[in-house]
Structures are given as C-alpha cells and as structure tokens.
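Here the working numbering is used: the first residue of the sequence shown is 287, the next is one more, and so on.
All C-beta atoms, glycine included, are put in the ideal place defined by N, C-alpha and C.
First the structure, in the form of structure tokens, and then the observations on it.
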Amino acid sequence: MLDAVETFEVEALRAESMLVALAEECRRDLTAALEEPRSRRVTDVVGELQAALAAIPQAGVNTDPFAHLSRLREARATLVAAIAAARERATDLIPLVDHMHHAIRDADRQLDVARDAIAAHPGWISPEALTRLAESEHARIDLGHFLGGSEAVMTTTDQEHREQVIAMAGRVASLASESLRRARHDIEASRRHGRPLGSRGRAVALADERRLAG
Numbered sequence: 287m288l289d290a291v292e293t294f295e296v297e298a299l300r301a302e303s304m305l306v307a308l309a310e311e312c313r314r315d316l317t318a319a320l321e322e323p324r325s326r327r328v329t330d331v332v333g334e335l336q337a338a339l340a341a342i343p344q345a346g347v348n349t350d351p352f353a354h355l356s357r358l359r360e361a362r363a364t365l366v367a368a369i370a371a372a373r374e375r376a377t378d379l380i381p382l383v384d385h386m387h388h389a390i391r392d393a394d395r396q397l398d399v400a401r402d403a404i405a406a407h408p409g410w411i412s413p414e415a416l417t418r419l420a421e422s423e424h425a426r427i428d429l430g431h432f433l434g435g436s437e438a439v440m441t442t443t444d445q446e447h448r449e450q451v452i453a454m455a456g457r458v459a460s461l462a463s464e465s466l467r468r469a470r471h472d473i474e475a476s477r478r479h480g481r482p483l484g485s486r487g488r489a490v491a492l493a494d495e496r497r498l499a500g
C-alpha cells in the first residue's frame with residue numbers, strides 16, 4: 287500500500303514537472319499562432335488553449351496534474367491540426383487569388399485599348415462599338431463597387447466572392463474586346479472609303495448612295 291502511494295506521489299511530481307514544461311511550450315505555440323494564416327477554427331482553438339493554460343493553478347496548490355496535462359495536450363494537438371488546415375487552405379487559395387487579380391488587370395488593359403482606339407478616331411466609330419464601350423465601362427464601375435475600392439481586400443473574402451469578381455472582370459473584358467473589334471472594322475471601312483464612316487459619316491454615305499441611285 288505504501289509502495290503504491292509512493293509511486294503515485296513520484297508520478298504526480300513528474301506530471302507536475304511535465305505540466306510546467308508543456309505549459310511553456312503551449313505559450314510559445316500561442317505566440318507562433320499569431321503569425322499563421324487566420325481562420326475561425328484557429329481562433330476558437332487558440333481560445334481553448336488559453337483557457338486550459340488559465341485553469342492551471344499556481345505552484346504549491348494541491349491539484350490533479352494529470353487532468354491538466356491531458357487537457358493541455360489535447361488543446362495543443364487540436365491547435366496544431368487547425369493551423370495545418372489553415373495553411374493548406376491558404377495555399378489552395380493562392381491560384382484563385384492570382385487568377386482574380388489577373389482577370390481584373392486583363393479587363394482594365396482591354397478596356398484601355400478600346401478607349402484609346404476609339405478616342406483616336408472621332409467620327410469613325412459606329413454606335414454599336416460606342417455602345418459596347420459604354421457597357422464595358424459601366425460593368426467596370428460595377429466591379430469597382432463590388433470590390434469595395436480595394437483588390438487587396440479580396441484575398442481575405444470567401445471563394446464565391448472571388449469567383450464572382452472573376453466573372454464580372456470577364457464581362458468587362460468581353461465587352462471591351464467586342465467594342466474594339468467593331469471599332470477596328472469601322473476604322474478599316476472608313477479608310478477604304480477615304481472618309482469617316484461613324485454615325486455621321488454613315489448618314490452622309492447613305493445620302494450619297496440614295497442620290498446616285500435616284
């Protein structure tokens with residue numbers, strides 16, 4: 287009986303020593319967790335580990351070190367798993383975030399090209415091309431409102447949000463590309479005829495054709 291008591295006391299002292307060392311490791315883990323990718327799960331588990339540490343009594347207070355050891359180990363293991371999952375999720379999001387920013391830059395580039403081409407040829411461009419340009423510009427304004435004024439914010443929002451941004455940017459680019467295609471056609475036609483064939487030029491050309499036909 288005495289041997290059993292002595293054995294328990296020795297194990298309890300050893301557990302108390304292990305508890306002190308583990309608590310110090312857990313505090314370092316909490317500090318390191320601040321540098322890891324954030325997620326709701328990581329935040330919750332950090333709170334659980336902090337609570338487990340706070341529950342450890344001061345030295346000299348009679349307590350069950352085995353229970354505290356078990357709780358700390360479980361909370362620490364859960365934190366490690368949560369951080370690993372957050373890292374994996376952050377890594378998986380990198381291609382989609384890059385794709386999103388690329389889509390926005392491509393949309394802006396195509397819109398700028400269409401604007402420059404049309405602005406350089408006043409009177410040469412048909413209403414259809416001008417309408418597509420206006421639609422593209424309006425779609426870009428909508429995209430700006432959706433982004434909230436900062437593309438950087440999108441790195442922390444949900445995947446569905448990013449996918450919608452990509453789709454909206456694609457619409458801007460598509461309309462700008464269609465506007466440019468029509469504008470180039472109008473410019474080439476005007477050059478062949480030796481005069482602008484935009485909205486006013488077309489009206490003049492149509493009047494000439496009617497006069498010749500009459």
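| Check | Outcome |
| --- | --- |
| Sufficient close CB pairs (3 or more, under 8 Å) joining the stretch 449-459 to the stretch 387-405 | yes |
| Three-state secondary structure (DSSP) of residue 335 | helix |
| C-beta contact flag for residue 322 and residue 371 at 8 Å | no |
| Neighbourhood of residue 302 by C-beta, 8 Å cutoff - its chain only, sequence neighbours within 5 removed | 351 |
| Distance between beta carbons of residue 312 and residue 358, contact taken as under 8 Å | 6 Å |
| Inter-residue Cα distance where the pair is residue 424 and residue 414 | 15 Å |
| Rounded C-alpha distance that separates residue 386 from residue 461 | 18 Å |
| Residue 430 - containing alpha helix (DSSP H), residue span | 413-433 |
| C-beta atoms of residue 368 and residue 339 nearer than 8 Å | no |
| beta-carbon residue 403 near the ligand ZN non-hydrogen atom, thresh 7 Å | Among the components of this structure there are no ligands whatsoever, and the ligand ZN is therefore not found. |
| From 365, 406, 431 and 418, residue whose alpha carbon lies closest to that of residue 318 | 365 |
| Beta-carbon separation (whole angstroms), residue 400 vs residue 325, contact threshold 8 Å | So it is not a contact: roughly 41 Å between Cβ atoms. |
| Within 8 Å, strictly: CB atoms of residue 412 and residue 472 | yes |
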